[in-house]
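The block underneath contains the structure these notes are about, expressed in structure tokens.
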Amino acid sequence: KFSGARAIIIKSKNQYYTMGGLECIITGVIDEYGGYLRRTKYHKYTREIFTAVLVGTSFSVALLNVTPGGMYFFHLMDTYAGGLSLLCSALFEAIAVAWFYGMER
69 KFSGARAIII
79 KSKNQYYTMG
89 GLECIITGVI
99 DEYGGYLRRT
109 KYHKYTREIF
119 TAVLVGTSFS
129 VALLNVTPGG
139 MYFFHLMDTY
149 AGGLSLLCSA
159 LFEAIAVAWF
169 YGMER
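Using the numbering used here, you'd call the opening residue of the sequence shown number 69 and step up by one each time.
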């Protein structure tokens with residue numbers, strides 16, 4: 069009979085998927101560019117520093133949504149960040165990979 073249980077479950081699932089996607093980005097960048105990032109004097113904390121920068125940047129961008137013009141920013145991102153532009157980007161990426169590696173590979 070707890071009416072907020074559904075909202076809590078949806079929020080926890082959303083947070084789980086978001087953190088999984090963030091972990092995927094962090095691991096990929098650290099694996100690919102770890103040699104460049106480890107050349108600093110803080111090489112023991114490379115992953116932690118990169119995670120803090122990524123989360124801070126995400127927070128700063130998300131903070132725009134709670135301003136008085138946040139709904140306009142959300143509508144702008146919803147209209148132009150996904151959809152046709154993302155589809156065209158994926159199409160051109162697939163063409164570039166096929167062109168670079170060849171159709172036989």
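Ideal Cβ placement from N, Cα and C applies to all residues, glycine included. Here the structure is a predicted model, which means the values were calculated and not measured.
Residue i: CB within 7 Å of a non-hydrogen atom of the ligand PLP
i	result
Gly-88	Ligands are entirely absent from the displayed structure, and the ligand PLP is therefore not among its contents.
Closest Cα partner of residue i within the set the options
i	options	result
Glu-91	Leu-155, Gly-103 and Phe-118	Phe-118
Arg-115	Phe-168, Ile-93 and Val-165	Ile-93
Simplified DSSP assignment, three categories, for residue i
i	result
Met-171	coil
Gly-138	helix
Lys-109	coil
Ala-162	helix
Ala-149	coil
Exercise. Should the stretch 91 to 101 be called in touch with the stretch 110 to 129, which here means at least 3 C-beta pairs below 8 Å?
Worked result: Contact between the stretch 91 to 101 and the stretch 110 to 129 is established, with three or more Cβ pairs separated by less than 8 Å.
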